[in-house]
Amino acid sequence: VPEIFTLYPAYPNPFNPVTTIRYDLPEDALVNITIYDIMGRSIRSLVNSKQTAGYRSIQWNATNDAGSPVSAGLYLYTIQAGEFRQTRKMVLLK
Numbered sequence: 025v026p027e028i029f030t031l032y033p034a035y036p037n038p039f040n041p042v043t044t045i046r047y048d049l050p051e052d053a054l055v056n057i058t059i060y061d062i063m064g065r066s067i068r069s070l071v072n073s074k075q076t077a078g079y080r081s082i083q084w085n086a087t088n089d090a091g092s093p094v095s096a097g098l099y100l101y102t103i104q105a106g107e108f109r110q111t112r113k114m115v116l117l118k
C-alpha cells in the first residue's frame with residue numbers, strides 16, 4: 025500500500041490517441057478525476073467512485089463525456105481524494 029497520495033504525470037505526454045493517468049491511494053477514499061480544457065470547462069469525468077487503497081491507473085482516449093473526440097491542445101486533469109487535491113497538465117497532439 026502506498027504511503028502518500030500521488031498523482032503522476034500522464035504517459036505518454038504529449039499523446040495521441042490515448043494517455044494513461046496513474047495515481048496512488050494510501051487509504052480508502054472517494055476519488056474524483058476530471059479532465060478540463062484550458063478555459064476551465066469540464067470535459068470528461070474519468071473516475072467518481074469510492075476506491076480502496078492501492079496503486080491505480082486509468083486511460084483517457086481524448087473524448088468528452090458525450091463520447092465525441094476533443095480537439096488538439098492543452099488539458100488539465102485534477103484528482104480529488106479525501107483532503108488531497110492535485111492538478112497536472114497534458115497535451116493532445118493530432
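Okay, so the sequence shown: first residue is 25 according to our numbering, each after it adds one. Note that beta-carbon positions come from the ideal geometry of N, C-alpha and C, so glycine has one too. For clarity, every value in this text was computed on a predicted model and none was experimentally measured.
Item, Value
"Helix, strand or coil at residue 55 [DSSP, three-state]", "strand"
"Cβ neighbour criterion (16 or more within 10 Å) applied to residue 28", "exposed"
"Collapsed DSSP secondary structure at residue 76 in the structure displayed", "coil"
"Residue range of the beta strand (DSSP E) that includes residue 105", "97-105"
"Residue 36 - DSSP class collapsed to helix/strand/coil", "coil"
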